[in-house]
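Peer 1:
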Amino acid sequence: MSLLEKIKDSIIEMEPELTVELTQSALAEGIAPMEIVAGGLISGIEIVGVKFKNDEVFLPEVMMSAKAFKDGFAAVSPKLKDSGYEPKGRVLISSVKGDIHDIGKNIVIALLQGNGYEVHDAGVDAPPERFVDMVREIKPNVVGMSALLTTTMAFMRDTVSALKDAGLRDSLKIIVGGAPVSADFAKEIGADGYGEDAGEAVDLVKSLLAS
Ligand code: B1M
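Residues 227 to 437 (the working numbering) are what the sequence shown spells out, left to right.
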C-alpha cells in the first residue's frame, strides 16, 4: 500500500497520530505537499463525509476523523504555502456570540479544507465585532456562521448588520448553518445561503463563489 493510501486509511480509521506520522514521512520522502493533501488527506475525509451522509458512521467517528484530517493538514500546510498552492477561496467561520457548540462547525471546516478552501476559524462565542475585525484582517470571500441554540441565532442577524455597518457586506458572501437554522431564516436575515449539513455547506460555498 502506498503512503498516500495509508494516510487516507488513517483518516477513515480515525487515527490522528498516525495521520501526522504518515504525513511527515510522505513529506520526508519528497512527495509534493498538494499530492499529500489531495491523494491522502482529502481522499480520506471525503469518504468519511459520504459515510456520514449515508448513516454508515456516526458523530464520534466523524469527529475523530475530522481531527485526523485537521492534524494532518496542519502538518502539511506550511509546505503548501511554500509550494505556491492557490486555495479555491478564503472562508472565515465561527460559532456566533453566546454559542460554544463547535462540533458541527469543525466538521464543516474539515470538509471545506478537504475541498481546497483556506479556512480561518474564529472559534466559538464570536461577537459581531470579532467577525468585523477578522474580515478586515483576512479579507475572506465567504463568512460562515454556526448556531446551535435558538437564542444565539439572533446574533447571526446582528453579525450581518455589523458587517453592513462596517461597509464590508458587499465584499463577501454570508452562509449560515446549525440545527435550529433554516433556509427561510437565512433569507430573512439577509444571508446568501443556508447549509443543512457540512456537505451542503461545501456545495454552497462552491456555487456562491462560482456565481
Ligand atoms: Co448543547 N444544546 N447546550 N451542548 N447540545 C443542544 C444544541 C440542544 C438541542 C440539546 C437539547 O436540548 N435537546 C439544546 C438547544 C436547544 C435550542 O436552543 N434549540 C442545547 C442546549 C440547551 C445547551 C445548553 C444551553 C445546556 C445548558 O447549559 N443548560 C448549553 C449552551 C452552551 C452554549 O453554547 N452557550 C449547551 C452545552 C453543550 C455542551 C458544551 C455540553 C456540548 C457542546 C460541545 C461542543 O460543541 N464542543 C453540547 C452538545 C454536544 C449538544 C448536542 C447534544 C449535540 C450538538 C452536536 O454537536 N451535534 C445538541 C443536541 C443534538 O443536536 N442532538 C445540543 C452534532 C453536529 C455534527 O451537528 O452541530 O447540528 P450540528 O452540525 C451539523 C449541521 O447543523 C451543519 O453541519 C454540521 C455537520 O453536518 N452545520 C452547519 C453546523 N454549523 C454549520 C455552519 C454552516 C453550514 C452547516 O455554514 C456556516
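Backbone N, C-alpha and C fix where the C-beta goes; we use that ideal spot for every residue, glycine too.
#1: Determine the extent of the beta strand (DSSP E) in which D391 is found, giving its start and end residues.
#2: Going by other Cβ atoms of all chains shown within 10 Å of its Cβ, with 16 needed for buried, is T376 buried or exposed?
#3: Counting C-beta neighbours from all protein chains within 10 Å, is the total for A301 16 or more, i.e. buried, or is it exposed?
#4: In angstroms, rounded to a whole number, what distance separates the CA positions of G438 and D391?
#5: What does DSSP give as the partner residue(s) for V345 in the beta ladder?
#6: Using the Cα positions of I273 and K365, report the straight-line distance between them to the nearest angstrom.
#7: Extract the residue ranges of the alpha helix (DSSP H) inside the segment 229–312, only unbroken runs of 4 or more that lie entirely within it.
#8: Tell me, please, which residues DSSP counts as bridged to I400.
#9: At a cut-off of 7 Å, would you count A258 as near the ligand B1M, judging by its Cβ distance to the nearest heavy atom?
#10: Near A405, what residues of its chain come up, given a Cβ to Cβ distance below 7 Å and the 5 sequence neighbours on each side ignored?
#11: Please tell me whether G315 and V358 are closer than 8 Å, where the distance is taken between their beta carbons.
#12: Hey, out of G421, A292, I400, whose CA is closest to P242's CA?
#13: Let me confirm a value: V276 is counted as buried when at least 16 other C-beta atoms fall within 10 Å, else exposed. Which label applies?
#14: Nearest to L253 by CA position, among S269, P304, E287, F284, is which residue?
Peer 2: For this structure:
#1: Along the sequence shown, one-based indexing puts residue 391 at 165. Element bounds for D391: not the beta strand (DSSP E) but the alpha helix (DSSP H), 380–391.
#2: Start at 1 with the first residue of the sequence shown, and residue 376 comes out as number 150. Exposed is the label assigned to T376, since fewer than 16 other Cβ atoms lie within 10 Å of its Cβ.
#3: Counting from one through the sequence shown, the residue named residue 301 turns up at place 75. By the neighbour-count definition (other C-beta atoms within 10 Å, threshold 16), A301 is a buried residue.
#4: Outside the displayed span of the chain (227 to 437) sits residue 438, for which this structure offers no information.
#5: As a working mapping, residue 345 is identified with position 119 in the sequence shown. Partner(s): V317.
#6: If you number the sequence shown from 1, residue 273 lands on position 47. If you number the sequence shown from 1, residue 365 lands on position 139. Roughly 31 Å separates the two Cα atoms.
#7: Counting only runs of 4 or more, we get 229–238, 242–254, 259–262, 269–279, 285–308.
#8: As a working mapping, residue 400 is identified with position 174 in the sequence shown. I400 is bridged by DSSP to V369.
#9: Stepping through the sequence shown from its first residue, residue 258 is reached at position 32. Checking every heavy atom of the ligand B1M against the Cβ of A258, none is found closer than 7 Å.
#10: The count along the sequence shown starts at 1 and reaches residue 405 at position 179. L374.
#11: Mapped onto the sequence shown, residue 315 falls at position 89. Mapped onto the sequence shown, residue 358 falls at position 132. G315 places its beta carbon 8 Å or farther from that of V358.
#12: Numbered from 1 along the sequence shown, position 16 holds the residue referred to as residue 242. Per the Cα distances, A292.
#13: For the purposes of this step, residue 276 is taken as residue 50 along the sequence shown, with counting starting at 1. Around the C-beta of V276, fewer than 16 other C-beta atoms lie within 10 Å, and the residue is accordingly described as exposed.
#14: Residue numbering aside, residue 253 sits at position 27 when the sequence shown is read from its first letter. L253 has its Cα closest to that of P304, out of S269, P304, E287, F284.
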